[in-house]
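> Take this structure first; my questions come after.
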Amino acid sequence: MIKVNFERRGSGTPLVLLHGIGHRWQAWRPVLDLLAERHDVIALDLPGFGLSPGLPAGRRYDLPSSMEMLAEVFEMLGVERPHIAGNSLGGLLSVEAASRGLVRSATLLSPAGFWNDADRRRALTMLRVMRLGARGPRFTTDAIANNARLRASSMAVLYAHPGRIDRITAMADTAALRNAPAFTPTIRGGRRTSWHGMPPAVPVTVAWGEKDRILPPRQALRAAMLLPGANHVTLPGCGHVPMIDAPELVARTILDTCAGVDSAAGGVDGNGSVDGNGVDGNGAVDGNGSVDGNGSVDGSGASKPKARRKAKAPTSTEPAEGGAAAS
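10 is the number of the first residue of the sequence shown in my numbering; add one for each residue after it.
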(Lines of atoms letter the chains of each structure in order from A and count residues from 1; the text may use other names and numbers.)
(Lines give C-alpha, C1' and ligand atoms only; values in the text may rest on other atoms or scores of the structure.)
Protein backbone atom coordinates (compact mmCIF):
# COMPACT_ATOMS: atom_id res chain seq x y z
CA MET A 1 0.00 0.00 0.00
CA ILE A 2 1.10 3.55 -0.79
CA LYS A 3 0.82 6.27 1.83
CA VAL A 4 1.69 9.91 1.16
CA ASN A 5 1.50 13.02 3.28
CA PHE A 6 0.10 16.08 1.55
CA GLU A 7 -1.25 19.61 1.88
CA ARG A 8 -4.52 20.43 0.11
CA ARG A 9 -6.02 23.87 -0.48
CA GLY A 10 -8.47 25.66 -2.74
CA SER A 11 -11.07 24.53 -5.24
CA GLY A 12 -11.35 24.09 -8.98
CA THR A 13 -9.66 21.68 -11.34
CA PRO A 14 -7.06 19.59 -9.51
CA LEU A 15 -3.38 20.55 -9.56
CA VAL A 16 -0.74 18.25 -8.06
CA LEU A 17 2.66 19.64 -7.01
CA LEU A 18 5.83 17.52 -6.79
CA HIS A 19 9.02 18.66 -5.03
CA GLY A 20 12.65 17.73 -5.71
CA ILE A 21 14.90 15.12 -4.12
CA GLY A 22 15.47 15.70 -0.42
CA HIS A 23 12.75 18.34 -0.16
CA ARG A 24 9.13 18.23 1.08
CA TRP A 25 5.76 19.71 0.16
CA GLN A 26 6.64 22.95 1.98
CA ALA A 27 8.87 23.87 -0.96
CA TRP A 28 5.61 25.01 -2.59
CA ARG A 29 4.39 27.09 0.35
CA PRO A 30 5.27 30.46 -1.27
CA VAL A 31 2.90 29.77 -4.19
CA LEU A 32 0.18 27.60 -2.63
CA ASP A 33 -2.36 30.30 -1.89
CA LEU A 34 -1.85 31.93 -5.30
CA LEU A 35 -2.52 28.61 -7.02
CA ALA A 36 -5.41 27.75 -4.71
CA GLU A 37 -7.35 30.79 -5.94
CA ARG A 38 -8.09 28.80 -9.11
CA HIS A 39 -7.36 25.16 -8.33
CA ASP A 40 -7.80 22.29 -5.93
CA VAL A 41 -4.09 22.21 -5.08
CA ILE A 42 -2.46 19.09 -3.66
CA ALA A 43 1.21 19.36 -2.67
CA LEU A 44 2.67 15.91 -1.97
CA ASP A 45 5.53 14.63 0.10
CA LEU A 46 6.86 12.06 -2.35
CA PRO A 47 7.35 8.55 -0.91
CA GLY A 48 10.41 8.47 1.33
CA PHE A 49 10.58 12.27 1.67
CA GLY A 50 9.07 14.70 4.15
CA LEU A 51 6.52 12.84 6.27
CA SER A 52 5.72 10.20 3.66
CA PRO A 53 7.04 6.70 4.36
CA GLY A 54 9.09 4.96 1.73
CA LEU A 55 7.70 2.78 -1.01
CA PRO A 56 6.57 -0.73 -0.05
CA ALA A 57 9.19 -3.46 -0.20
CA GLY A 58 9.93 -4.62 -3.72
CA ARG A 59 9.06 -1.31 -5.40
CA ARG A 60 11.88 0.63 -7.00
CA TYR A 61 12.61 4.36 -7.02
CA ASP A 62 12.52 4.63 -10.80
CA LEU A 63 10.22 6.17 -13.40
CA PRO A 64 7.96 3.14 -14.01
CA SER A 65 7.37 2.60 -10.29
CA SER A 66 6.85 6.33 -9.74
CA MET A 67 4.16 6.39 -12.42
CA GLU A 68 2.39 3.49 -10.74
CA MET A 69 2.62 5.40 -7.47
CA LEU A 70 1.15 8.59 -8.98
CA ALA A 71 -1.71 6.69 -10.59
CA GLU A 72 -2.57 5.11 -7.23
CA VAL A 73 -2.38 8.43 -5.40
CA PHE A 74 -4.55 10.16 -8.02
CA GLU A 75 -7.18 7.45 -7.65
CA MET A 76 -7.23 7.65 -3.86
CA LEU A 77 -7.45 11.44 -3.94
CA GLY A 78 -10.37 11.23 -6.35
CA VAL A 79 -8.62 13.15 -9.12
CA GLU A 80 -8.47 11.93 -12.70
CA ARG A 81 -5.87 13.44 -15.00
CA PRO A 82 -5.03 16.48 -12.85
CA HIS A 83 -2.73 19.27 -13.88
CA ILE A 84 0.77 18.69 -12.52
CA ALA A 85 3.77 20.85 -11.74
CA GLY A 86 7.14 19.66 -10.52
CA ASN A 87 10.54 21.00 -9.60
CA SER A 88 13.79 19.10 -10.31
CA LEU A 89 13.01 15.41 -9.60
CA GLY A 90 9.36 16.43 -9.50
CA GLY A 91 9.78 17.96 -12.94
CA LEU A 92 11.12 14.68 -14.32
CA LEU A 93 8.17 12.79 -12.84
CA SER A 94 5.78 15.41 -14.23
CA VAL A 95 7.00 15.17 -17.83
CA GLU A 96 6.88 11.38 -17.66
CA ALA A 97 3.31 11.55 -16.33
CA ALA A 98 2.40 13.89 -19.19
CA SER A 99 4.05 11.59 -21.72
CA ARG A 100 1.98 8.67 -20.41
CA GLY A 101 -1.29 10.62 -20.52
CA LEU A 102 -1.80 10.62 -16.74
CA VAL A 103 -2.25 14.41 -16.53
CA ARG A 104 -3.95 17.18 -18.50
CA SER A 105 -1.01 19.62 -18.44
CA ALA A 106 2.49 19.78 -16.96
CA THR A 107 4.72 22.62 -15.78
CA LEU A 108 8.38 21.66 -15.31
CA LEU A 109 10.58 23.90 -13.18
CA SER A 110 14.27 23.11 -13.80
CA PRO A 111 13.45 19.44 -14.38
CA ALA A 112 15.97 16.65 -13.91
CA GLY A 113 16.63 14.20 -16.73
CA PHE A 114 17.65 16.59 -19.52
CA TRP A 115 21.35 16.34 -18.74
CA ASN A 116 24.37 14.84 -20.45
CA ASP A 117 26.60 12.41 -18.56
CA ALA A 118 28.92 15.11 -17.22
CA ASP A 119 26.09 17.33 -15.97
CA ARG A 120 24.37 14.34 -14.37
CA ARG A 121 27.51 13.35 -12.46
CA ARG A 122 28.00 16.94 -11.37
CA ALA A 123 24.41 17.33 -10.13
CA LEU A 124 24.36 14.03 -8.25
CA THR A 125 27.70 14.84 -6.62
CA MET A 126 26.42 18.22 -5.45
CA LEU A 127 23.33 16.57 -3.98
CA ARG A 128 25.40 13.97 -2.14
CA VAL A 129 27.58 16.71 -0.65
CA MET A 130 24.48 18.54 0.55
CA ARG A 131 23.20 15.36 2.17
CA LEU A 132 26.53 14.82 3.93
CA GLY A 133 26.30 18.36 5.28
CA ALA A 134 22.76 17.78 6.54
CA ARG A 135 23.90 14.59 8.30
CA GLY A 136 26.72 16.33 10.12
CA PRO A 137 26.71 16.99 13.88
CA ARG A 138 23.48 18.61 15.02
CA PHE A 139 25.28 21.42 16.80
CA THR A 140 26.93 22.33 13.48
CA THR A 141 23.74 22.30 11.40
CA ASP A 142 21.88 24.22 14.13
CA ALA A 143 24.66 26.81 14.32
CA ILE A 144 24.43 27.37 10.56
CA ALA A 145 20.64 27.68 10.67
CA ASN A 146 20.81 30.14 13.56
CA ASN A 147 23.25 32.47 11.81
CA ALA A 148 21.61 34.46 8.98
CA ARG A 149 24.83 34.88 7.00
CA LEU A 150 25.90 31.24 7.27
CA ARG A 151 22.36 30.08 6.57
CA ALA A 152 22.14 32.11 3.36
CA SER A 153 25.61 31.02 2.25
CA SER A 154 24.82 27.34 2.72
CA MET A 155 21.59 27.60 0.74
CA ALA A 156 22.81 29.79 -2.12
CA VAL A 157 23.31 26.67 -4.23
CA LEU A 158 19.53 26.27 -4.41
CA TYR A 159 18.18 29.81 -4.30
CA ALA A 160 19.03 33.12 -5.90
CA HIS A 161 17.63 34.83 -2.77
CA PRO A 162 18.59 32.51 0.11
CA GLY A 163 18.31 35.35 2.63
CA ARG A 164 14.51 34.93 2.48
CA ILE A 165 14.75 31.58 4.26
CA ASP A 166 14.02 31.78 7.97
CA ARG A 167 15.74 29.81 10.72
CA ILE A 168 12.83 27.47 11.51
CA THR A 169 12.29 26.51 7.89
CA ALA A 170 16.00 25.94 7.36
CA MET A 171 16.21 23.62 10.35
CA ALA A 172 13.11 21.67 9.28
CA ASP A 173 14.33 21.30 5.72
CA THR A 174 17.75 20.15 6.89
CA ALA A 175 16.07 17.52 9.04
CA ALA A 176 13.97 16.40 6.07
CA LEU A 177 17.07 16.03 3.92
CA ARG A 178 18.97 14.24 6.68
CA ASN A 179 16.21 11.73 7.40
CA ALA A 180 14.83 10.99 3.91
CA PRO A 181 14.97 7.20 3.40
CA ALA A 182 14.39 7.58 -0.33
CA PHE A 183 17.40 9.84 -0.92
CA THR A 184 20.05 7.16 -1.52
CA PRO A 185 17.94 4.82 -3.72
CA THR A 186 16.74 7.82 -5.74
CA ILE A 187 20.31 9.01 -6.29
CA ARG A 188 21.32 5.49 -7.34
CA GLY A 189 18.46 5.36 -9.79
CA GLY A 190 19.46 8.76 -11.13
CA ARG A 191 22.82 7.39 -12.32
CA ARG A 192 20.97 5.51 -15.05
CA THR A 193 18.14 7.95 -15.71
CA SER A 194 17.70 10.45 -18.51
CA TRP A 195 14.41 11.40 -20.08
CA HIS A 196 13.77 9.94 -23.54
CA GLY A 197 9.99 9.60 -23.52
CA MET A 198 7.43 10.39 -26.18
CA PRO A 199 6.60 14.10 -26.42
CA PRO A 200 3.38 14.64 -24.47
CA ALA A 201 0.13 15.32 -26.28
CA VAL A 202 -0.92 17.76 -23.53
CA PRO A 203 0.31 21.33 -22.92
CA VAL A 204 3.75 21.45 -21.31
CA THR A 205 5.76 24.43 -20.06
CA VAL A 206 9.46 24.08 -19.29
CA ALA A 207 10.68 26.95 -17.09
CA TRP A 208 14.35 27.22 -16.12
CA GLY A 209 15.84 29.49 -13.48
CA GLU A 210 18.53 31.58 -15.14
CA LYS A 211 20.71 31.26 -12.02
CA ASP A 212 20.25 27.52 -11.48
CA ARG A 213 23.48 26.08 -10.08
CA ILE A 214 22.35 22.45 -9.71
CA LEU A 215 20.97 21.98 -13.22
CA PRO A 216 22.48 24.82 -15.29
CA PRO A 217 20.18 26.53 -17.82
CA ARG A 218 22.17 25.05 -20.72
CA GLN A 219 20.18 21.88 -20.09
CA ALA A 220 17.11 23.77 -21.29
CA LEU A 221 18.50 23.43 -24.81
CA ARG A 222 18.26 19.64 -24.58
CA ALA A 223 14.74 19.94 -23.17
CA ALA A 224 13.81 22.10 -26.16
CA MET A 225 15.11 19.43 -28.55
CA LEU A 226 13.21 16.61 -26.83
CA LEU A 227 10.04 18.66 -26.26
CA PRO A 228 9.68 20.74 -29.42
CA GLY A 229 5.99 21.36 -28.86
CA ALA A 230 6.39 22.69 -25.34
CA ASN A 231 6.48 26.30 -24.20
CA HIS A 232 10.07 27.03 -23.09
CA VAL A 233 10.73 30.02 -20.83
CA THR A 234 13.48 31.39 -18.63
CA LEU A 235 12.74 32.55 -15.09
CA PRO A 236 14.88 35.66 -14.55
CA GLY A 237 16.58 36.05 -11.19
CA CYS A 238 15.68 32.52 -10.09
CA GLY A 239 17.76 29.61 -8.83
CA HIS A 240 17.15 25.88 -8.90
CA VAL A 241 14.13 26.06 -6.56
CA PRO A 242 12.41 29.17 -7.94
CA MET A 243 9.30 29.23 -5.77
CA ILE A 244 10.94 31.37 -3.09
CA ASP A 245 12.84 33.54 -5.57
CA ALA A 246 9.81 34.69 -7.58
CA PRO A 247 6.56 33.24 -6.18
CA GLU A 248 4.24 35.40 -8.26
CA LEU A 249 6.11 34.63 -11.47
CA VAL A 250 6.21 30.89 -10.75
CA ALA A 251 2.52 30.83 -9.85
CA ARG A 252 1.60 32.71 -13.02
CA THR A 253 3.69 30.34 -15.13
CA ILE A 254 1.84 27.33 -13.70
CA LEU A 255 -1.58 28.99 -13.91
CA ASP A 256 -1.05 30.01 -17.53
CA THR A 257 -0.21 26.41 -18.44
CA CYS A 258 -3.37 25.15 -16.75
CA ALA A 259 -5.61 27.92 -18.08
CA GLY A 260 -5.41 26.93 -21.73
CA VAL A 261 -6.75 23.47 -20.97
CA ASP A 262 -9.42 24.64 -18.55
CA SER A 263 -10.63 27.39 -20.89
CA ALA A 264 -11.02 24.88 -23.70
CA ALA A 265 -13.06 22.69 -21.36
CA GLY A 266 -15.21 25.59 -20.24
CA GLY A 267 -13.60 25.64 -16.80
CA VAL A 268 -15.45 22.46 -15.81
CA ASP A 269 -13.72 19.40 -14.47
CA GLY A 270 -15.44 16.72 -16.47
CA ASN A 271 -13.73 13.90 -14.62
CA GLY A 272 -15.60 14.19 -11.36
CA SER A 273 -12.53 15.30 -9.49
CA VAL A 274 -12.50 16.55 -5.94
CA ASP A 275 -13.29 20.25 -5.56
CA GLY A 276 -11.14 20.93 -2.57
CA ASN A 277 -13.65 20.03 0.12
CA GLY A 278 -11.50 17.50 1.90
CA VAL A 279 -8.52 17.34 4.17
CA ASP A 280 -6.10 20.24 4.44
CA GLY A 281 -3.05 18.00 4.71
CA ASN A 282 -2.76 18.38 8.47
CA GLY A 283 -5.79 16.39 9.49
CA ALA A 284 -8.19 19.35 9.51
CA VAL A 285 -11.50 18.57 7.90
CA ASP A 286 -13.81 21.25 6.51
CA GLY A 287 -17.01 19.37 7.14
CA ASN A 288 -17.31 17.81 3.70
CA GLY A 289 -15.35 14.67 4.30
CA SER A 290 -11.74 13.55 4.46
CA VAL A 291 -9.46 10.90 3.09
CA ASP A 292 -8.02 9.36 6.25
CA GLY A 293 -8.08 12.14 8.84
CA ASN A 294 -4.33 12.53 8.94
CA GLY A 295 -3.71 14.37 5.72
CA SER A 296 -2.38 11.22 4.07
CA VAL A 297 -3.62 8.81 1.47
CA ASP A 298 -3.48 5.05 1.49
CA GLY A 299 -3.52 3.23 -1.80
CA SER A 300 -3.41 -0.39 -2.88
CA GLY A 301 -2.87 -1.33 -4.99
CA ALA A 302 13.06 15.68 -35.45
CA SER A 303 11.65 19.16 -35.27
CA LYS A 304 13.27 22.48 -34.59
CA PRO A 305 12.94 23.39 -30.94
CA LYS A 306 10.87 26.39 -30.02
CA ALA A 307 12.82 29.46 -29.10
CA ARG A 308 13.01 30.03 -25.39
CA ARG A 309 11.61 33.25 -24.03
CA LYS A 310 12.16 35.03 -20.77
CA ALA A 311 9.17 35.12 -18.49
CA LYS A 312 8.23 38.64 -17.50
CA ALA A 313 8.72 39.29 -13.82
CA PRO A 314 5.80 40.83 -11.93
CA THR A 315 6.06 44.46 -10.92
CA SER A 316 6.38 43.47 -7.28
CA THR A 317 7.38 40.21 -5.67
CA GLU A 318 7.13 40.02 -1.93
CA PRO A 319 9.45 37.73 0.03
CA ALA A 320 7.76 34.46 0.70
CA GLU A 321 8.29 31.65 3.12
CA GLY A 322 10.25 28.80 1.64
CA GLY A 323 12.67 26.04 2.39
CA ALA A 324 16.15 24.82 1.69
CA ALA A 325 16.64 21.16 0.98
CA ALA A 326 18.27 19.26 -1.80
CA SER A 327 16.12 19.23 -4.88
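Here a beta-carbon is modelled for each residue, glycine too, at the ideal position from N, C-alpha and C.
Do you know how far the Cα of Gly-19 is from the Cα of His-249?
For the purposes of this step, residue 249 is taken as residue 240 along the sequence shown, with counting starting at 1. For the purposes of this step, residue 19 is taken as residue 10 along the sequence shown, with counting starting at 1. Taking the straight line from one Cα to the other gives about 26 Å.
> Ignoring anything shorter than 4 residues, give me the alpha helix (DSSP H) runs that lie fully in the stretch 81-107, in order along the chain.
Listed in chain order, nothing qualifies, since the stretch 81-107 has no complete alpha helix (DSSP H) run of 4 or more residues.
> Bridge partners of Pro-23, per DSSP?
Within the sequence shown, residue 23 is the residue found at index 14, counting from 1. Asp-49, per the DSSP bridge assignment.
> From Phe-148, Pro-146, Ala-179 and Arg-147, pick the residue whose C-alpha is nearest to that of Ser-162; which is it?
Numbered from 1 along the sequence shown, position 153 holds the residue referred to as residue 162. Ser-162 has its Cα closest to that of Ala-179, out of Phe-148, Pro-146, Ala-179 and Arg-147.
> Can you give, in chain order, each stretch of the beta strand (DSSP E) that sits fully within the stretch 170-228 and has at least 3 residues?
Fully enclosed beta strand (DSSP E) runs of 3 or longer: 213-218.
> Could you tell me which residues DSSP pairs with Ser-114 in its beta bridges?
For this step, residue 114 is matched to residue 105 along the sequence shown. For Ser-114, which the question treats as bridged, DSSP gives the partners His-92.
> First and last residue of the alpha helix (DSSP H) that includes Arg-158?
If you number the sequence shown from 1, residue 158 lands on position 149. Per DSSP, Arg-158 belongs to the alpha helix (DSSP H) from 157-164.
> In the DSSP assignment, the beta strand (DSSP E) including Val-259 goes from what residue to what residue?
Here residue 259 refers to the residue found at position 250 of the sequence shown. Taken as a continuous stretch (DSSP letters only), Val-259 belongs to no beta strand (DSSP E), being part of the alpha helix (DSSP H) at 256-273.
> Taking the alpha-carbon positions, what's the Ser-108 to Gly-99 distance?
Translated into positions along the sequence shown, residue 108 becomes position 99. Translated into positions along the sequence shown, residue 99 becomes position 90. If I take the Cα positions, the gap works out to 14 Å.
> Would you mind working out which of Asp-175, Ser-61 and Leu-44 sits nearest Glu-257, comparing C-alpha positions?
Position 248 of the sequence shown holds residue 257. Nearest C-alpha to Glu-257: Leu-44.
> Taking the alpha-carbon positions, what's the Gly-424 to Gly-122 distance?
Any question about residue 424 goes unanswered here, given that the chain covers just 10 to 336.
> Strictly by DSSP, which residues pair up with His-241?
As a first step, residue 241 must be located in the sequence shown, where it is residue number 232. Paired residues: Val-215.
> Check for me: the alpha helix (DSSP H) holding Val-138 runs from which residue to which?
For the purposes of this step, residue 138 is taken as residue 129 along the sequence shown, with counting starting at 1. Per DSSP, Val-138 belongs to the alpha helix (DSSP H) from 126-143.
> For the beta strand (DSSP E) containing Ile-11, name the first residue and the last one.
Along the sequence shown, one-based indexing puts residue 11 at 2. Per DSSP, Ile-11 belongs to the beta strand (DSSP E) from 11-18.
> Straight-line CA distance for Pro-212 to Pro-226?
Numbered from 1 along the sequence shown, position 203 holds the residue referred to as residue 212. Numbered from 1 along the sequence shown, position 217 holds the residue referred to as residue 226. Cα to Cα, Pro-212 sits roughly 21 Å from Pro-226.
> With a CB to CB cut of under 6 Å and the five nearest residues on each side skipped, what residues in its chain are close to Ser-203?
Numbered from 1 along the sequence shown, position 194 holds the residue referred to as residue 203. The residues are Gly-122.
> Using a 10 Å radius around the Cβ and a threshold of 16 neighbouring Cβ atoms, would you call Leu-26 buried or exposed?
On the sequence shown, residue 26 is found 17 positions in, with the first residue counted as 1. Buried.
> Under three-state DSSP, which class holds Asp-54?
If you number the sequence shown from 1, residue 54 lands on position 45. In the structure shown, Asp-54 sits in coil (DSSP, three-state: anything other than H, G, I, E or B).
> Between the C-alpha atoms of Gly-172 and Ala-157, what's the straight-line distance to the nearest angstrom?
Your numbering for residue 172 matches position 163 in the sequence shown. Your numbering for residue 157 matches position 148 in the sequence shown. Approximately 7 Å, taken between the alpha carbons.
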